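What follows is a set of notes on a single structure, which appears directly below.
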Amino acid sequence: GENVEQHPSTLSVQEGDSAVIKCTYSDSASNYFPWYKQELGKRPQLIIDIRSNVGEKKDQRIAVTLNKTAKHFSLHITETQPEDSAVYFCASYNTDKLIFGTGTRLQVFP
Amino acid sequence: NAGVTQTPKFRILKIGQSMTLQCTQDMNHNYMYWYRQDPGMGLKLIYYSVGAGITDKGEVPNGYNVSRSTTEDFPLRLELAAPSQTSVYFCASSYAVLSTDTQYFGPGTRLTVL
Chain A
1 GENVEQHPST
11 LSVQEGDSAV
21 IKCTYSDSAS
31 NYFPWYKQEL
41 GKRPQLIIDI
51 RSNVGEKKDQ
61 RIAVTLNKTA
71 KHFSLHITET
81 QPEDSAVYFC
91 ASYNTDKLIF
101 GTGTRLQVFP
Chain B
111 NAGVTQTPKF
121 RILKIGQSMT
131 LQCTQDMNHN
141 YMYWYRQDPG
151 MGLKLIYYSV
161 GAGITDKGEV
171 PNGYNVSRST
181 TEDFPLRLEL
191 AAPSQTSVYF
201 CASSYAVLST
211 DTQYFGPGTR
221 LTVL
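Chains as they are written, first to last, in our numbering: chain A, 1 to 110; chain B, 111 to 224.
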């Protein structure tokens with residue numbers, strides 16, 4: 001079955017710097033890749049997603065890139081702010097279900 | 111719309127007890143999912159349903175059962191609680207995975223088995 005690996009597990013950045021989180025997937029048939037943000041004690045919430053017919057998608061300070069050949073996709077956050085601190089999960093769609101990565105804890109220091 | 115609601119918010123069970131975690135959505139979504147999230151870990155899919163009367167196993171179904179008699183409700187049953195089932199349980203729903211709605215999560219149920 002599908003396997004999703006996510007790196008790094010923790011990431012600390014200074015406010016205003018950029019943050020990049022990477023994920024790889026195993027099933028070349030996967031064609032939908034969302035990213036979720038989970039604040040402490042809260043539910044995961046979708047922040048951005050990308051489909052396999054698109055190489056890049058941007059929404060203000062957040063962007064996602066997809067490399068289908070290499071089977072990896074990345075989340076880019078620019079001009080980080082303290083409120084970006086959270087756990088971020090990538091996911092890959094495979095046969096009616098999402099398979100999640102293990103998460104990246106992002107800490108943004110003022 | 112209330113979205114996805116879950117009850118209870120917290121529960122402590124003794125080993126061997128049974129319980130049902132309730133999940134309801136009022137968005138007329140076809141797809142519903144149950145995940146567990148262990149401390150500091152990602153989300154593992156327990157069971158999912160693509161419509162009323164249809165359920166399927168996810169990555170970690172052992173020790174759980176589900177039913178989907180209506181579009182709105184997707185309860186998760188633990189028959190013989192074990193300490194390994196201590197976790198936070200999230201229910202989620204979507205109209206269809208590939209729609210722009212994607213998955214909406216409920217607030218979670220924190221379960222402790224002692």
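Even for Gly, the Cβ is constructed at its ideal location relative to N, Cα and C. As the structure is a prediction and not an experimental result, all values here were calculated from the model.
Query: I125/B beta carbon less than 8 Å from that of V198/B; Result: no
Query: 7 Å Cβ shell around I47/A - same chain, five flanking residues per side excluded; Result: W35, Y36, K37 and I62
Query: Residues near G163/B in its chain [Cβ-Cβ closer than 8 Å; skip 5 each side]; Result: R178 and S179
Query: Residue-level contact to chain A via CB, T212/B, 8 Å cutoff; Result: yes
Query: Backbone secondary structure at S197/B - three-state DSSP; Result: strand
Query: Beta-carbon separation (whole angstroms), Q213/B vs A202/B, contact threshold 8 Å; Result: 4 Å
Query: N- and C-terminal bounds of the beta strand (DSSP E) containing P72/A; Result: Residue identity check: residue 72/A is His in the sequence provided, not Pro. Per DSSP, H72/A belongs to the beta strand (DSSP E) from H72 to I77.
Query: Residue-chain proximity (P34/A, chain B), Cβ-Cβ < 8 Å; Result: yes
Query: Residues that F89/A bridges to, as DSSP identifies them; Result: Y36/A
Query: Residues near T134/B by beta carbon distance below 7 Å, same chain, minus five either side; Result: T115, E182 and D183
Query: C-beta contact flag for V108/A and V13/A at 8 Å; Result: yes
Query: Presumed contact (8 Å Cβ cut-off) between F200/B and G218/B, rounded CB distance; Result: 5 Å
Query: L131/B and P185/B closer than 8 Å at C-beta; Result: yes
Query: C-beta neighbour in chain B for R43/A, strict 8 Å; Result: yes
Query: Cβ of T102/A within 8 Å of any chain B Cβ; Result: yes
Query: Residues from the stretch 122 to 135 of chain B in contact with chain A, defined by Cβ distance under 8 Å; Result: none
Query: V87/A, buried or exposed, once every other Cβ within 10 Å from all chains shown has been counted against 16; Result: buried
Query: Cβ distance (whole Å) where V160/B is taken to contact D96/A below 8 Å; Result: 6 Å
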